[in-house]
Amino acid sequence: MFRVVAGVRTNYARLHDIMIHKLFPLVDKLLSRRSLGQITQPFGRVLFSQIKKLTQTHIQAVSLVQLVQEPLYVATNAALFGSSFPLDTYKDFRALDKSVPYRFSRLPFWYWPSSCARERVLAQIGDYLRRGEVTDCDDRFAYGFMEAFKANDIQVLDGSRLVLTFLWGLHSNTMSTSFWLFAFLLADTDALEQVRAEIDKAVEGKEGKFTDLDMLLAADPDELDDPCFVTLTSAIMETMRLTALHAAVRVAVCDFDLKQGDGSIPIKKGEYVWGNVRAAHMDENIYPYAHKFMVDRFAGRLYRKGRLQTDGQPFLSLGGGKHICKGRWLAIYEIKVVAIILLRLFDISSSPEKSPACSLPRVSEHSIGVIHTEDDILVQLRPRQHGSISE
-19 MFRVVAGVRT NYARLHDIMI HKLFPLVDKL LSRRSLGQIT QPFGRVLFSQ IKKLTQTHIQ
41 AVSLVQLVQE PLYVATNAAL FGSSFPLDTY KDFRALDKSV PYRFSRLPFW YWPSSCARER
101 VLAQIGDYLR RGEVTDCDDR FAYGFMEAFK ANDIQVLDGS RLVLTFLWGL HSNTMSTSFW
161 LFAFLLADTD ALEQVRAEID KAVEGKEGKF TDLDMLLAAD PDELDDPCFV TLTSAIMETM
221 RLTALHAAVR VAVCDFDLKQ GDGSIPIKKG EYVWGNVRAA HMDENIYPYA HKFMVDRFAG
281 RLYRKGRLQT DGQPFLSLGG GKHICKGRWL AIYEIKVVAI ILLRLFDISS SPEKSPACSL
341 PRVSEHSIGV IHTEDDILVQ LRPRQHGSIS E
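Numbering (the working numbering), first residue to last: -19 to 371.
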């Protein structure tokens, strides 16, 4: 994806080696469940401030894409790279992200706007790397990247391209999934009220785990990995199941027979095995009513802290084995906090003048990673009186 996302045309093999052998081990360590709480400390507060800012400037209606994606993008970058990182790059990043399916498939499209957007983001990341200043966050992540670049004599432009490629992998699928979660909930009012009631119960009343929203925003990912959010977590997993378009490709390291039903397929060493993830997720024998969003599909399973509710089923939205998504715990945490803040603070509904009520957006023919859409959804927000938070 270096060429598609970051425009790399030379030095590809070396940059790939740096990403795989220098940056991925760092990401794997710092985004693990054990370390994630330290890395994400600023996330909740920055996310809330961004949502508050956005909702105050859009009185009538707001884009659902922008409402859920821009605060998430800013807060995640601030948590990992600090407030000195160029946090105002969301619009350019989104322009680039929308072009990726066309670039990857080499389809004809008007490339100039997204190419200019990419160059602007690269320039701002380059300025950040030159300054070498990391503030208002756990600096191990950002300085880990910078030290790897210095130790391997990576120039600023190539370092910027590595960071941009990492950011795309970090944000693209998570932002799309967060949008789809709300799209599904808005199209199913019973599901939305079920998730909202669970959030309210966790934040208030005798059985509430958190005394208020302030306490919840200060909680680390491990504290939010709790049965009190079992339906919300199920909704996130169900959204991932319905929207993932990943290709599971593996290389056979030896000869073996791949079981298929009552028979088998002989696989030779060195051959590629391509798993159809969406076919597995849409298999009615595994997931009854597979094409339907069922908010509590995974909620009835035995809850085990530190384990996905999908364990034991062919759920491949987050990869698997040694290639499992290194940012999976961060992604689930991010989407969970976005949903908690918005559903706790606001009554959300489709804007009747701008968006058809209770309808899902059209699916784009050109998608990668997670289904892209042709349409946005304009939503109306009405503050809930009991949902305030201290300044």
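Glycine included, each C-beta is placed from N, C-alpha and C at the ideal position.
If you run the structure through DSSP and keep just helix, strand and coil, what is residue i?
i	result
residue 372	One cannot answer for residue 372 here, as it falls past the ends of the chain, which runs -19 to 371.
residue 194	helix
residue 348	strand
residue 5	helix
residue 370	The predicted position of residue 370 is uncertain, since its pLDDT is 47 and thus under 50; a value taken from the coordinates is nonetheless stated next. If DSSP states are grouped into helix, strand and coil, residue 370 belongs with coil.
residue 224	strand
residue 0	helix
residue 159	helix
residue 343	strand
residue 353	strand
residue 145	helix
residue -19	coil
residue 175	helix
residue 296	coil
residue -13	coil
residue 22	coil
residue 134	coil
residue 314	helix
residue 307	coil
residue 50	helix
residue 207	helix
residue 331	coil
residue 170	helix
residue 184	coil
residue 285	coil
residue 139	helix
residue 33	helix
Nearest to residue i by CA position, among the options, is which residue?
i	options	result
residue 231	251, 242 and 241	251
residue 9	351, 124 and 67	124
residue 345	81, 50 and 73	81
residue 76	65, 62, 282 and 94	94
residue 297	200, 164 and 220	220
residue -9	141, 32 and 12	141
residue 315	357, 218, 329 and 279	218
residue 209	198, 193, 257 and 175	175
residue 116	23, 362 and 90	23
residue 99	307, 85, 69 and 87	69
residue 131	3, 234, 49 and 32	3
residue 32	347, 325 and 353	325
residue 284	361, 300, 146 and 204	204
residue 211	160, 234, 195 and 276	276
residue 85	213, 270 and 347	347
residue 224	36, 13, 52 and 351	351
residue 214	165, 184 and 26	165
residue 73	90, 89, 102 and 63	102
residue 343	332, 260 and 356	356
residue 62	49, 119 and 78	119
residue 360	290, 44, 113 and 53	44
residue 299	331, 254 and 319	254
residue 79	110, 238 and -19	-19
Can you give me the start and stop residues for the alpha helix (DSSP H) that residue i sits inside?
i	result
residue 129	120 to 131
residue 19	13 to 19
residue 116	Unbroken run through residue 116: none, as it is neither H nor E.
residue 281	It is not in any alpha helix (DSSP H) - residue 281 carries neither H nor E in the DSSP assignment.
residue 202	201 to 204
In the DSSP output, which residue or residues are listed as bridge partners for residue i?
i	result
residue 326	363
residue 230	253
residue 237	246
residue 290	DSSP, once it has assigned bridges, lists no residue as partnering residue 290.
residue -5	DSSP lists no partner for residue -5.
residue 42	359
Any heavy atom of the ligand MG closer than 8 Å to the CB of residue i?
i	result
residue 272	Looking for the ligand MG in the displayed structure turns up nothing, as the structure carries no ligands at all.
Are the C-beta of residue i and some C-beta of chain D separated by less than 9 Å?
i	result
residue 219	Note that chain D does not occur in the displayed structure, where there is just one protein chain.
**Report entry** Runs of alpha helix (DSSP H) wholly within the stretch 239 to 276 (minimum 4 residues, chain order)
**Finding:** 257 to 261
Query - alpha helix (DSSP H) runs wholly inside the stretch 52 to 110, at least 4 long, in chain order - result: 70 to 85
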